[in-house]
Amino acid sequence: MKNFDIDEVADRVCDMMNSDDVRIVRILGKPGAYLTPILKKLISRPSVLCSSILIENIYFDSEHGFLGWVSNALGLYEGAVAARGKVPTHLTEMIRLRAVKYLMLDNFHDAFYLRGVSKNGMATDINSLLLACVDLKIVVAQSEYYDDSEYTALLKYRVCDIRI
465 MKNFDIDEVA
475 DRVCDMMNSD
485 DVRIVRILGK
495 PGAYLTPILK
505 KLISRPSVLC
515 SSILIENIYF
525 DSEHGFLGWV
535 SNALGLYEGA
545 VAARGKVPTH
555 LTEMIRLRAV
565 KYLMLDNFHD
575 AFYLRGVSKN
585 GMATDINSLL
595 LACVDLKIVV
605 AQSEYYDDSE
615 YTALLKYRVC
625 DIRI
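In our numbering, the protein residues as written are 465 to 628.
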């Protein structure tokens, strides 16, 4: 049962997304807590719509990792990702050309259950992408039941949590 207003939560997330010192926003909730509708509400806002990419399904593998996943979402061939933690120039250029400011990831907790995906590798890829794309912010929706403190400790950028 939903005991919050989706618009109010979306407003809180937008406030965090617009904060200069926040690069990663996590929306945390119980399974079935309307996390996907919150992301869809965010992406429907004019200020977010034209500058966002919403990735709803986790399907990357250990060979290409997070950067390959982002490449696929942008329509790029993930095999062009040379090495884990090294952001290829064509990926940053595509993000710049498309004016992507927000990368939104639904069901992010599922990424940690994929075979061969390490918390260290994921954090390295995210740190590298945010370093290469200085205007990019990442918004994830994930279950609050997954203990990812080991992963978040590896992130070099401020993470803001919004619990619903």
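For every residue, glycine included, the Cβ atom is placed at its ideal position computed from N, Cα and C.
Could you compute how far the alpha carbon of residue i sits from the alpha carbon of residue j?
{"i": "residue 595", "j": "residue 614", "result": "20 Å"}
{"i": "residue 619", "j": "residue 476", "result": "22 Å"}
{"i": "residue 511", "j": "residue 468", "result": "23 Å"}
{"i": "residue 570", "j": "residue 560", "result": "22 Å"}
{"i": "residue 592", "j": "residue 471", "result": "32 Å"}
{"i": "residue 539", "j": "residue 562", "result": "12 Å"}
{"i": "residue 610", "j": "residue 502", "result": "19 Å"}
{"i": "residue 516", "j": "residue 507", "result": "7 Å"}
Quick check on residue i: does DSSP put it in helix, strand or coil?
{"i": "residue 476", "result": "helix"}
{"i": "residue 497", "result": "coil"}
{"i": "residue 583", "result": "helix"}
{"i": "residue 485", "result": "coil"}
{"i": "residue 560", "result": "helix"}
{"i": "residue 505", "result": "helix"}
{"i": "residue 612", "result": "coil"}
{"i": "residue 471", "result": "helix"}
{"i": "residue 534", "result": "helix"}
{"i": "residue 590", "result": "helix"}
In terms of DSSP beta bridges, what is residue i paired with?
{"i": "residue 607", "result": "493"}
{"i": "residue 516", "result": "566"}
{"i": "residue 574", "result": "Residue 574 pairs with nothing; no bridge assigned."}
{"i": "residue 623", "result": "488"}
Touch test, the segment 562–570 against the segment 593–610, Cβ-Cβ under 8 Å, three pairs minimum = Segments in contact, yes.
Please confirm if the segment 620–628 is in contact with the segment 481–498, defined as three or more CB-CB distances below 8 Å between the two stretches.
-> Touching, yes.
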